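Data first, discussion second: the structure below is written as structure tokens.
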Amino acid sequence: MMGNIDPRIIAQATGDTLVMLGASLGLSVVLGLLLGLVLFTTSPGQLLAHRAINAVASFGVNVLRSLPFIILLIVMLPLTVVLAGTSLGVAGAIPPLVVGAAPFYARLVETALREVDRGVIEATQAMGGSTWQIVIRVLLPEALPGLVAGATVTAIALVGYTAMAGVVGAGGLGDLAIRFGYQRFQTDVMAVTVVMLLIIVQIFQWLGDRWVLQLSHR
Amino acid sequence: MTATAVQDEQEIIRLEQVSRRFKDGAGGRVALDTVDLSVGRGEIFGVVGRSGAGKSTLVRTINLLERPDAGRVIIAGQEIASLAPAQLRAVRRRIGMIFQHFNLLHNRTVHANVALPLQLEGHARAHIQARVAELLDQLGLSAHAAKYPAQLSGGQKQRVGIARALACSPQILLCDEATSALDPETTEDILTLLDRLNRELGLTIVLITHEMDVVRRICDRVAVMDHGFVVEAGAVSEVFLHPRSSETRALLREALPPSDAVVGAVRARAVFLGEDAFHPVLSRVARETGVDFAILSGRVGRLRHAAYGELEIAFFGAQAYAGIQALRQAGVAVEEMAA
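Here the protein sequences line up with chains D and E, keeping their order.
As numbered in the numbering used here, the first sequence has no gaps in its residue numbers, which increase by one up to the final residue, 415.
As numbered in the numbering used here, the second sequence has no gaps in its residue numbers, which increase by one up to the final residue, 353.
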């Protein structure tokens, strides 16, 4: 029944998936945060309201978000080679994962920032806070629970993306599921990868929820 | 009048011909229309009006949270609309502000909320710790230092708001409907506190409210706003005794408990100020003129600096006007009301 299972291969694939996840999540959060801040602060009526910048940022995000990830993987191949030196393996998977997830997270960041009480921003302006101080001292800390919740959602979306990245030879659990589970009809391998992915998702969600709960003082 | 930037020493806030229009709908909506205002150093100045009268916009022009379309805003002799951003921020640090909904940071403790303006001003950690501890002690909040705003009552939240507003030792405190979200008892508590801060620190307070009672309780002077105009301004006792605008009269009437119309009577609002409030003027007038009267509603309380009584009275019979006349001669401000 479990004749095709090689624990070392499963462990290797799980490790690859976690590395891809960690690296792409880290980069996506940083880039998404910056992009989300631009989207929010340049929107009408906000601190740095700027119609043109807002329109360009919003359009860029929409373009990237409208591409199905599997297409993005292929479209990005030349750029991936430039950025990562290869389009294969764990390194080759990270650029498309980040380009796929960062705009997604940026929208979640924008939403989380919108939830911050306008009155609090106004009060900080009245105290003589500069725009930069308002962002660092008020906007981001007040939005933190929402930002963490958004990062959790992004992490879980990335678990799905890493599995798809297996299609273009990225390695990891998705790669294992496709090469062994699907192409060689090794149902047991398929089952184990699915269970591993499920466990990863559960752990991320649990950790994220706990963290949000701890951060939120509303 | 061509005013220079150098102002009377006693004047700390001066608005000259300030106008502000919001761009919603055709032609926009006028929030402020050529408003002139002068607030003296160390006074408690009330701005009263209904919602939409422009008072919130008015208070926000004092620290330029709202930029006027026209006119000048002068704080302590300095015209601030033309200042560079960094200079304006320095002026704002000397102007504290508190709000109807407190506007505290949810994810900061009471201590950290009060520390925020000091952090923005770039003080050393040790100085911030000491100053926050001092403020919390002064406002009776020391026991709540580690709590988050969600764990506090409305009155406590507003005290935190006040502590935060005072952190940088401002000369001016702006209060935007600061007691409107509080119950009567807590309102009284906060007003007493503001009164104390005014006396102890010489703090100039500009207080926006829709409640005449708040004005009566602690303000020295008041401006009444209606549709973007200041329709009346002056000492509180003067405005309460001799309201000149119909809007002021309406606001004063609404501050009294409602009473039913009385058929065949002349209704009037009588205001007793100072020692008069304690003299048996009404009974003497009734005895001398033979007028019959009924008290429909009323209250006795205090203006900031004087005893104060306000009655809505129905005078009956042929002697009704003689009664009113006699009351006026006794120094009571009487104003006939529409039946």
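Cβ coordinates follow ideal geometry from the N, Cα and C atoms, glycine included.
As the structure is a computational prediction, the values presented were derived from the model and not from experiment.
Quick check on this structure: which residue in the options has the alpha carbon closest to the alpha carbon of residue i?
i: LEU354(D); options: LEU276(D), ALA298(D) and ALA220(D); result: The identity of residue 354(D) in the sequence shown is Ala, whereas the question assumes Leu. Closest by alpha carbon: ALA298(D).
i: ARG304(D); options: LEU231(D), VAL389(D), ALA249(D) and ILE207(D); result: LEU231(D)
i: GLN185(E); options: ARG108(E), GLN343(E) and GLY169(E); result: ARG108(E)
i: ASP47(E); options: HIS241(E), ASP190(E) and LEU119(E); result: HIS241(E)
i: LEU325(E); options: LEU255(E), ILE222(E) and LEU207(E); result: LEU255(E)
i: GLY366(D); options: GLY229(D), GLY286(D) and ALA220(D); result: GLY286(D)
i: ALA98(E); options: VAL279(D), LEU370(D) and SER327(D); result: SER327(D)
i: VAL277(E); options: GLU261(E), ILE89(E) and ILE327(E); result: ILE327(E)
i: GLU319(D); options: PHE116(E), LEU132(E) and LEU207(E); result: PHE116(E)
i: VAL313(D); options: ALA249(D), VAL335(D), TYR302(D) and GLY325(D); result: VAL335(D)
i: ARG316(E); options: ALA100(E), GLU302(E), GLU289(E) and LEU72(E); result: GLU289(E)
i: THR262(E); options: ILE232(E), ASP227(E), GLY91(E) and ALA336(E); result: ASP227(E)
i: ILE232(E); options: TYR335(E), VAL280(E) and ALA321(E); result: ALA321(E)
i: LEU269(D); options: ALA290(D), ALA249(D), ALA281(D) and ILE250(D); result: ALA290(D)
i: ARG281(E); options: ALA144(E), MET351(E) and GLY331(E); result: MET351(E)
i: HIS414(D); options: ALA249(D), VAL317(D), PRO342(D) and GLY223(D); result: PRO342(D)
i: LEU394(D); options: GLN383(D), THR384(D), ARG381(D) and GLY371(D); result: GLY371(D)
i: LEU51(E); options: GLY248(E), LEU166(E), GLY168(E) and GLN339(E); result: GLY248(E)
i: ALA100(E); options: GLY325(D), GLY282(D) and PHE382(D); result: GLY325(D)
Grab me the residues of residue i's own chain with a C-beta within less than 7 Å of its C-beta, minus the 5 sequence neighbours each way, in chain order.
i: ARG210(E); result: none
i: VAL345(D); result: GLY405, TRP408, VAL409 and LEU412
i: ARG64(E); result: HIS224
By Cβ distance, which residues of its chain are closer than 8 Å to residue i, with the 5 residues on each side in sequence left out?
i: VAL332(D); result: LEU234, THR238 and LEU244
i: ILE142(E); result: ALA129, LEU132 and GLN133
i: TYR379(D); result: MET387
i: ALA95(E); result: LEU78, ARG81, PRO82, ARG86 and VAL87
i: TYR162(E); result: HIS120, ASN121, ARG122, THR123 and VAL124
i: GLU191(E); result: SER70, PHE113, GLN114, ILE222, THR223 and HIS224
May I have the straight-line CA-CA distance separating residue i from residue j, to the nearest angstrom?
i: ALA19(E); j: VAL105(E); result: Confidence at ALA19(E) is low in this model, with a pLDDT of 42, below 50, so its placement is unreliable and the value that follows should be read with caution. So the alpha carbons of these two residues sit roughly 16 Å apart.
i: GLU25(E); j: MET111(E); result: 19 Å
i: LEU215(D); j: ALA340(D); result: 27 Å
i: THR308(D); j: THR359(D); result: 25 Å
i: THR218(E); j: GLY56(E); result: 4 Å
i: VAL391(D); j: THR351(D); result: 19 Å
i: GLY175(E); j: SER70(E); result: 18 Å
i: ASN201(D); j: MET217(D); result: 25 Å
i: LEU341(E); j: PHE329(E); result: 12 Å
i: ARG28(E); j: ARG298(E); result: 46 Å
i: SER156(E); j: GLY136(E); result: 23 Å
i: THR349(D); j: LEU270(E); result: 56 Å
i: ARG173(E); j: ILE204(E); result: 8 Å
i: VAL44(E); j: GLN330(D); result: 32 Å
i: ALA323(D); j: SER263(D); result: 41 Å
i: GLY229(D); j: LEU180(E); result: 37 Å
i: PRO204(D); j: MET361(D); result: 22 Å
i: LEU465(D); j: MET273(D); result: Missing from the structure shown is residue 465(D); chain D here goes from 198 to 415 and no further.
i: ARG376(D); j: ILE207(D); result: 13 Å
i: VAL238(E); j: VAL62(E); result: 5 Å
i: MET15(E); j: GLU93(E); result: Confidence is the limiting factor: at MET15(E) the pLDDT is only 40, short of 50, which leaves the residue's position unreliable, though a coordinate-based value still follows. Whole-angstrom Cα-Cα distance: 16 Å.
Which residues in the same chain have their Cβ closer than 6 Å to the Cβ of residue i, if we skip the five residues on either side of it in sequence?
i: PHE59(E); result: VAL53, VAL220 and ARG235
i: GLY216(E); result: GLY56
i: ASN212(E); result: ILE58 and ILE219
i: VAL49(E); result: LEU29, VAL32 and VAL244
i: VAL278(D); result: SER284
i: CYS189(E); result: ILE112 and LEU221
i: ALA254(D); result: VAL235 and LEU236
Find the residues of chain E that neighbour residue i, judging by a C-beta separation of less than 7 Å, and give them in chain order.
i: VAL306(D); result: Simply none; closest approach about 16 Å.
i: ARG415(D); result: HIS120 and ALA164
Measuring only between beta-carbons, confirm whether residue i sits less than 9 Å from chain A.
i: ALA164(E); result: The structure shown contains no chain A; its protein chains are D and E.
Run through chain E and tell me which residues come within less than 8 Å of residue i, C-beta to C-beta.
i: ASP406(D); result: Within 8 Å Cβ-Cβ: nothing; ASP406(D) doesn't reach chain E, min ~17 Å.
i: LEU341(D); result: ASN121
i: PHE203(D); result: In the sequence under discussion, the amino acid at residue 203(D) is Asp, which differs from the Phe named in the question. Ordered by position in chain E, no residue passes the 8 Å Cβ test against ASP203(D), which lies about 48 Å from the chain.
Could you list which residues in chain E have their beta carbon closer than 9 Å to that of residue i, in chain order?
i: VAL317(D); result: ASN117, LEU118, LEU119 and HIS120
i: LEU412(D); result: ASN121
i: ASP372(D); result: Result: empty, since nearest Cβ-Cβ is about 41 Å, beyond 9 Å.
i: ASP385(D); result: Near ASP385(D) there are no residues of chain E at all, since even the closest Cβ is about 48 Å away, more than 9 Å.
i: ASP213(D); result: Within chain E, no residue comes near ASP213(D); the closest Cβ sits about 37 Å away, beyond 9 Å.
Using a C-beta to C-beta distance shorter than 7 Å, which residues of chain D count as neighbours of residue i?
i: LEU79(E); result: GLU319, GLN322 and ALA323
i: ARG103(E); result: GLY325 and SER327
- Task: Note down, in chain order, all residues in the region 105-118 of chain E with a beta-carbon under 7 Å from any beta-carbon belonging to chain D.
- Result: ARG106, ARG107, MET111, PHE113, HIS115 and ASN117
- Query: Using a Cβ cut-off of 8 Å, which residues of the region 320-338 of chain D contact any Cβ in chain E, in chain order?
  - Reply: ALA320, THR321, GLN322, ALA323, MET324, GLY325, GLY326, SER327, GLN330, ARG334, VAL335 and PRO338
- Item | chain D contacts made by the region 130-164 of chain E, where a contact means CB separation under 9 Å | LEU130, PRO131, GLN133, LEU134, GLU135, TYR162, PRO163 and ALA164
- Please list the residues of the region 267-291 of chain D that have a C-beta atom closer than 7 Å to any C-beta atom in chain E, keeping them in chain order. none
- Item | Near-chain E residues of the region 231-250 of chain D - C-beta to any C-beta below 8 Å | none
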